[in-house]
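To start, the structure itself, in structure tokens.
Number of protein chains: 2
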Amino acid sequence: MGYKSREIRLVSRPKGEPGTECFDLIEKELPDPQAGQVLVRNQFISVDPYMRGRMNDVKSYVPPFQLNEAMTGGAVGTVIKSAEPTLPEGTAVLSMYGWREAYVSPANGLQVVDGTKAPLSAYLGVLGVTGMTAWVGLFGIASLRDGETVFVSGGAGAVGSIVCQLARMHGCKVLASAGSADKVSFLKDQLKVDYVFDYRDGEPLDHLKAGAPDGIDVFFDNIGGPQLEAALWHMRNFGRMALCGAIAGYNTPVPGPRNLAMAIARRLTLRGFIVSDHYSELPTFLKEAVPALQQGKLLNQETVVNGLENAPTAFLGLLKPGDAHIGKLVIKVS
Amino acid sequence: MGYKSREIRLVSRPKGEPGTECFDLIEKELPDPQAGQVLVRNQFISVDPYMRGRMNDVKSYVPPFQLNEAMTGGAVGTVIKSAEPTLPEGTAVLSMYGWREAYVSPANGLQVVDGTKAPLSAYLGVLGVTGMTAWVGLFGIASLRDGETVFVSGGAGAVGSIVCQLARMHGCKVLASAGSADKVSFLKDQLKVDYVFDYRDGEPLDHLKAGAPDGIDVFFDNIGGPQLEAALWHMRNFGRMALCGAIAGYNTPVPGPRNLAMAIARRLTLRGFIVSDHYSELPTFLKEAVPALQQGKLLNQETVVNGLENAPTAFLGLLKPGDAHIGKLVIKVS
Numbered sequence: 001m002g003y004k005s006r007e008i009r010l011v012s013r014p015k016g017e018p019g020t021e022c023f024d025l026i027e028k029e030l031p032d033p034q035a036g037q038v039l040v041r042n043q044f045i046s047v048d049p050y051m052r053g054r055m056n057d058v059k060s061y062v063p064p065f066q067l068n069e070a071m072t073g074g075a076v077g078t079v080i081k082s083a084e085p086t087l088p089e090g091t092a093v094l095s096m097y098g099w100r101e102a103y104v105s106p107a108n109g110l111q112v113v114d115g116t117k118a119p120l121s122a123y124l125g126v127l128g129v130t131g132m133t134a135w136v137g138l139f140g141i142a143s144l145r146d147g148e149t150v151f152v153s154g155g156a157g158a159v160g161s162i163v164c165q166l167a168r169m170h171g172c173k174v175l176a177s178a179g180s181a182d183k184v185s186f187l188k189d190q191l192k193v194d195y196v197f198d199y200r201d202g203e204p205l206d207h208l209k210a211g212a213p214d215g216i217d218v219f220f221d222n223i224g225g226p227q228l229e230a231a232l233w234h235m236r237n238f239g240r241m242a243l244c245g246a247i248a249g250y251n252t253p254v255p256g257p258r259n260l261a262m263a264i265a266r267r268l269t270l271r272g273f274i275v276s277d278h279y280s281e282l283p284t285f286l287k288e289a290v291p292a293l294q295q296g297k298l299l300n301q302e303t304v305v306n307g308l309e310n311a312p313t314a315f316l317g318l319l320k321p322g323d324a325h326i327g328k329l330v331i332k333v334s
Numbered sequence: 001m002g003y004k005s006r007e008i009r010l011v012s013r014p015k016g017e018p019g020t021e022c023f024d025l026i027e028k029e030l031p032d033p034q035a036g037q038v039l040v041r042n043q044f045i046s047v048d049p050y051m052r053g054r055m056n057d058v059k060s061y062v063p064p065f066q067l068n069e070a071m072t073g074g075a076v077g078t079v080i081k082s083a084e085p086t087l088p089e090g091t092a093v094l095s096m097y098g099w100r101e102a103y104v105s106p107a108n109g110l111q112v113v114d115g116t117k118a119p120l121s122a123y124l125g126v127l128g129v130t131g132m133t134a135w136v137g138l139f140g141i142a143s144l145r146d147g148e149t150v151f152v153s154g155g156a157g158a159v160g161s162i163v164c165q166l167a168r169m170h171g172c173k174v175l176a177s178a179g180s181a182d183k184v185s186f187l188k189d190q191l192k193v194d195y196v197f198d199y200r201d202g203e204p205l206d207h208l209k210a211g212a213p214d215g216i217d218v219f220f221d222n223i224g225g226p227q228l229e230a231a232l233w234h235m236r237n238f239g240r241m242a243l244c245g246a247i248a249g250y251n252t253p254v255p256g257p258r259n260l261a262m263a264i265a266r267r268l269t270l271r272g273f274i275v276s277d278h279y280s281e282l283p284t285f286l287k288e289a290v291p292a293l294q295q296g297k298l299l300n301q302e303t304v305v306n307g308l309e310n311a312p313t314a315f316l317g318l319l320k321p322g323d324a325h326i327g328k329l330v331i332k333v334s
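Protein chains in written order, with my numbering: chain S, 1 to 334; chain L, 1 to 334.
Okay, here's the thing in structure tokens:
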């Protein structure tokens with residue numbers, strides 16, 4: 001018997017800032033799972049800034065989304081019908097099937113997760129690709145050492161909020177920027193970040209000088225643009241930059257940093273990275289993250305939006321300066 | 001008895017493009033060397049792009065030149081009067097005393113060099129700081145591996161011409177840019193560079209695509225500006241950039257690269273460096289460079305300008321697009 005599932009498809013590619021006209025919500029009937037397959041009902045789907053790049057028809061590190069197909073991405077749910085003994089009904093699984101309420105998949109495309117250790121949504125956030133991104137960037141890419149001074153742009157975002165916490169757990173002084181008063185409060189009050197500023201309030205460089213008079217050792221960049229330029233002015237000798245995102249320029253081009261030659265004078269290393277190159281280190285990451293989460297040292301801050309139909313609007317908001325989401329944005333679909 | 005020496009002093013700091021009015025040539029009488037000191041007559045002095053930065057009154061990796069004092073920098077010469085038994089008359093020495101015909105110094109500020117292994121001027125070029133810069137950048141900073149594809153901006157310059165040769169000695173495919181027809185010919189005919197272009201002739205990116213259809217593994221940058229932006233577009237995954245100089249912006253600001261986010265998609269590493277951090281590796285470098293020079297595998301290409309009084313004009317020319325100097329620029333002062 002068929003099972004009805006709604007999904008959101010990309011139906012046109014944006015020029016500049018995308019709108020809801022790029023997406024369509026359709027309903028389809030899923031077949032019964034065949035031998036070796038399972039039917040999964042998603043509980044949460046992930047909405048991430050990197051998806052903006054995949055909307056363009058440009059070869060990048062991940063291939064572009066296909067037109068007239070569902071938006072792919074991280075999703076967690078539960079097996080509700082199984083034709084595969086290793087994944088009985090009730091098993092919680094993580095997939096990359098993205099923006100749909102349910103799907104049928106062979107078992108080998110799915111990763112079993114343990115819903116007793118953490119809420120399922122955490123496997124999209126702090127215990128998933130998001131947390132892994134923060135951890136790889138800080139330690140693998142920027143070689144953060146205990147006690148250093150770290151600046152995080154977009155500190156209240158999904159990745160940024162974990163960067164702040166991991167750096168503080170390692171005895172670092174943390175500076176973070178954000179784009180709303182609520183985010184600034186969140187970083188100050190809940191994450192205990194040492195110096196927080198609204199990037200729209202004054203010159204970023206003045207804030208960096210105020211918050212880190214002796215300069216910055218590590219810059220974790222989610223934003224690019226003027227904040228990257230300010231960081232270049234204020235790095236210490238032999239500083240490291242983990243280039244994770246550049247959301248300031250995703251919809252409209254921004255000027256490049258005019259002071260990249262500071263990298264010579266200060267002997268800086270700027271290194272871009274993509275978390276999927278580092279998935280083999282996931283067990284090492286989880287060894288640190290799971291106990292930290294269970295002991296309350298690491299907060300899985302998330303914003304939950306209800307209903308698959310609201311995913312496009314939530315996603316488009318994420319790309320706008322001053323958007324309201326704090327931490328990881330997930331859509332609850334059932 | 002006094003010994004007369006002329007020297008060139010910095011007498012004013014430039015705003016934007018410097019002119020000869022920044023310099024003055026004066027003559028002074030040197031005292032006799034005291035116990036432990038020697039009187040050295042310079043034979044060659046070094047003229048380098050990095051000196052432009054020191055003309056500004058801005059703290060950088062080296063302190064600014066002092067006003068009304070001689071321009072400091074690399075110089076090689078011969079002891080002509082000695083009050084220090086370990087440095088008898090006739091000893092060839094390298095110093096950082098810069099733009100003067102002669103000087104008196106304690107022995108411990110000087111490095112003895114062997115004029116039988118190579119002409120003295122080579123200790124300012126291929127066997128000195130210049131050669132070391134090329135070697136450190138390629139192997140220490142950019143981790144060049146045999147057989148990779150390398151792009152060198154400013155390939156006919158002092159450092160660039162050695163980068164081209166070292167990369168070719170390691171079986172690499174080399175692309176280089178230069179700013180005159182003579183330099184292009186030099187790179188093609190004498191250094192056997194695989195693909196050479198005049199950076200003023202068409203779009204640098206088109207040249208990179210033509211010369212390296214599969215992309216670039218290592219970019220050694222002496223220039224910055226549009227060539228750096230073009231390189232960012234054309235790097236291969238996990239490519240490395242050694243940021244050595246940014247001469248395009250030394251006199252007037254240039255826009256920053258608008259595509260630095262390519263570093264994320266392609267997982268690039270950009271690393272600035274200064275050769276003086278790596279002086280301890282000089283013996284390792286010389287172990288490779290001296291035999292290569294003696295066997296004719298490595299060419300000490302230099303442009304010699306005669307007369308201390310011509311140092312300022314030669315230096316100012318070095319900073320201009322399309323200047324005529326090929327290889328290392330040295331001034332013969334005696």
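We put the CB at the ideal spot given by N, CA and C, even for glycine. Bear in mind that the values here come from a model prediction, so they are computed numbers and not experimental data.
Are the C-beta atoms of residue i and some chain S residue less than 8 Å apart?
i, result
"L335 (chain L)", "Because residue 335 (chain L) is not part of the residues shown, which for chain L are 1 to 334, the question remains open."
"P14 (chain L)", "no"
"G249 (chain L)", "yes"
"D48 (chain L)", "no"
"D214 (chain L)", "no"
If the cut is a Cβ gap below 8 Å, which residues of chain S does residue i touch?
i, result
"F273 (chain L)", "I264 and R267"
"G239 (chain L)", "Those do not exist, as G239 (chain L) stays about 10 Å from chain S at its closest Cβ, beyond 8 Å."
"G224 (chain L)", "L260 and A261"
List the residues of chain L whose Cβ lies closer than 8 Å to the Cβ of residue i, in chain order.
i, result
"C244 (chain S)", "I264"
"P374 (chain S)", "With chain S running from 1 to 334 in the structure shown, residue 374 (chain S) is simply not present."
"D206 (chain S)", "Within chain L, no residue comes near D206 (chain S); the closest Cβ sits about 19 Å away, beyond 8 Å."
"P253 (chain S)", "R258"
With a threshold of 8 Å between beta-carbons, can residue i be considered close to chain L, or not?
i, result
"A158 (chain S)", "no"
"L270 (chain S)", "yes"
"D277 (chain S)", "yes"
Per DSSP, what are the beta-bridge partners of residue i in this structure?
i, result
"G73 (chain S)", "S:Y97"
"M235 (chain S)", "S:I216"
"N42 (chain S)", "S:G77"
"R9 (chain S)", "S:D24 and S:A70"
"V112 (chain L)", "L:V93"
"V58 (chain L)", "In the DSSP output, where bridge partners are listed per residue, V58 (chain L) has none listed."
"G256 (chain S)", "L:G256"
"K4 (chain S)", "S:E29"
"R267 (chain L)", "DSSP, once it has assigned bridges, lists no residue as partnering R267 (chain L)."
What is the DSSP secondary structure of residue i, reduced to helix, strand or coil?
i, result
"Q34 (chain S)", "coil"
"E17 (chain L)", "coil"
"F197 (chain L)", "strand"
"F285 (chain S)", "helix"
"D206 (chain L)", "helix"
"T133 (chain L)", "helix"
"G211 (chain S)", "helix"
"N306 (chain L)", "strand"
"Q227 (chain S)", "helix"
"I162 (chain L)", "helix"
"Y279 (chain S)", "helix"
"T338 (chain L)", "Lying outside 1 to 334, the shown extent of chain L, residue 338 (chain L) is not represented and no answer is given."
"V126 (chain L)", "coil"
Closer than 7 Å by beta-carbon distance: list the chain L residues that pair up with residue i, in chain order.
i, result
"D201 (chain S)", "Result: empty, since nearest Cβ-Cβ is about 23 Å, beyond 7 Å."
At the 8 Å Cβ level, is residue i part of the contact set with chain A, yes or no?
i, result
"L282 (chain L)", "Of the protein chains in the structure, S and L, none is chain A."
Following a CB-centred definition, is residue i positioned closer than 7 Å to any heavy atom of the ligand HEM?
i, result
"N306 (chain S)", "The model on display carries no ligand, and the ligand HEM is accordingly not part of it."
Worksheet item: Taking contact to mean at least 3 C-beta pairs separated by less than 8 Å, is the segment 98-116 of chain S in contact with the segment 57-75 of chain S?
Response: Yes, the segment 98-116 of chain S is in contact with the segment 57-75 of chain S.
Worksheet entry | the segment 26-39 of chain S / the segment 82-91 of chain S touching (three or more Cβ pairs under 8 Å) | These segments touch.
Fill in: Segment contact, 8 Å Cβ cut-off, at least three pairs: the segment 222-229 of chain S with the segment 191-198 of chain S
The segment 222-229 of chain S, when compared against the segment 191-198 of chain S, does not touch it at the 8 Å Cβ threshold.
Worksheet entry | Segment contact, 8 Å Cβ cut-off, at least three pairs: the segment 176-184 of chain S with the segment 14-28 of chain L | Verdict: no, contact absent.
Worksheet item: Counting Cβ pairs, one atom from each stretch, are 3 or more of them under 8 Å apart for the segment 151-159 of chain L and the segment 232-252 of chain L?
Response: Three or more pairs of CB atoms, one per stretch, sit closer than 8 Å, so the segment 151-159 of chain L contacts the segment 232-252 of chain L.
Worksheet entry | Contact the segment 265-273 of chain S vs the segment 172-181 of chain S: 3+ CB pairs below 8 Å | Contact fails: fewer than three Cβ-Cβ distances are below 8 Å.
Worksheet item: Below 8 Å, can you find three or more Cβ-Cβ pairs linking the segment 229-239 of chain L to the segment 209-219 of chain L?
Response: Yes, since at least three Cβ pairs between the segment 229-239 of chain L and the segment 209-219 of chain L fall closer than 8 Å, the two stretches touch.
Fill in: Any 3 or more C-beta pairs closer than 8 Å across the segment 112-126 of chain L and the segment 251-265 of chain L
Result no; under three Cβ-Cβ pairs closer than 8 Å.
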